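A short write-up of the structure that comes next.
In our numbering, the protein residues as written are 538 to 793.
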């Protein structure tokens with residue numbers, strides 16, 4: 538099994554950047570590039586040289602750092618095949634079920650549209666980690682901006698089907714707000730209350746709440762639990778398809 542070093546760091550207002558380093562293979566991946574300066578600082582702190590940027594989707598708060606970083610390092614930029622015209626400096630477009638081999642790192646591409654039409658996630662099965670961009674957040678999910686609620690629900694279910702112990706890296710620090718919303722939907726779920734307290738304490742101490750684990754999300758993330766009988770009843774949709782329950786939950790969160 539390949540031993541990888543993973544370094545997460547804050548960017549912009551509430552984004553996270555992540556570096557994945559394979560020393561033996563001489564490969565360092567940046568998951569998205571929210572801002573060049575933050576990625577550059579992280580590389581310098583770790584003593585790593587950037588070789589690739591893996592882009593989840595085209596939004597500027599995930600891609601703005603690409604041109605400068607590519608110019609400085611000559612790195613290869615890989616991103617969703619469906620958004621090639623909207624990502625600066627993209628070298629290679631990818632989509633499911635492609636598997637990338639970068640050094641000794643095996644990366645499986647998952648199509649996870651909904652937030653944007655071409656959004657992809659990257660799953661590293663041997664390392665037990667997934668980088669999901671703005672599709673799934675700790676105790677939340679991204680807004681449905683370009684796709685449909687049904688599409689987004691399918692993407693969330695795809696991530697939910699990964700091994701339960703998978704470490705999930707997300708694009709933003711939204712956990713406290715998400716947990717408060719979750720508690721409004723499931724006030725009887727003690728684990729949601731616990732996670733809210735944990736998240737509030739972490740943020741008060743200046744610590745990130747990410748990464749999260751998939752099994753924790755399956756227990757506490759209302760957006761992954763739209764097929765839960767109690768949640769269906771709570772929102773008054775006991776017999777609706779799960780994706781419609783999800784759509785209703787997402788609209789409630791938009792106004793929360």
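Glycine included, every Cβ here is placed at the ideal spot set by N, Cα and C.
Predicted model, so just to flag it, every value in this text is computed and none were measured.
(message) Let me make sure I understand the geometry here. Which of 722, 594, 621 and 571 has the alpha-carbon closest to that of residue 603?
(response) 571
(request) Could you work out which residue in 557, 594 and 599 is closest to residue 587 when comparing CA atoms only? (result) 557
(request) Use the C-beta contact count for residue 710: other C-beta atoms within 10 angstroms, 16 or more gives buried, fewer gives exposed. (result) buried
(message) Suppose only complete runs of 3+ residues qualify. What are the beta strand (DSSP E) ranges in the segment 610 to 658, listed by chain order?
(response) 613 to 617, 629 to 631, 636 to 639 and 642 to 648
(request) Determine the burial state of residue 638: buried for a count of at least 16 other Cβ atoms within 10 Å of its Cβ, exposed for fewer. (result) exposed
(message) Suppose the cutoff is 8 Å on Cβ atoms and the five residues either side in sequence are ignored; what does the same chain contact list for residue 685 look like?
(response) 651
(request) State yes or no: is the C-beta of residue 627 within less than 9 Å of the C-beta of residue 591? (result) no
(request) For residue 750, name the three-state secondary structure that DSSP assigns. (result) strand
(request) For residue 791, I'd like the list of residues in its chain whose CB is within less than 6 Å of its CB, leaving aside the five on either flank, ordered along the chain. (result) none
(message) I need the boundaries of the alpha helix (DSSP H) containing residue 559, first residue and last residue.
(response) Element bounds for residue 559: not the alpha helix (DSSP H) but the beta strand (DSSP E), 552 to 559.
(request) Put residue 697 into one of helix, strand or coil per three-state DSSP. (result) helix
(request) Measure from the alpha carbon of residue 705 to the alpha carbon of each residue in 714, 694, 579 and 752, then state which is nearest. (result) 752
(request) Using three-state DSSP, classify residue 778 as helix, strand or coil. (result) coil
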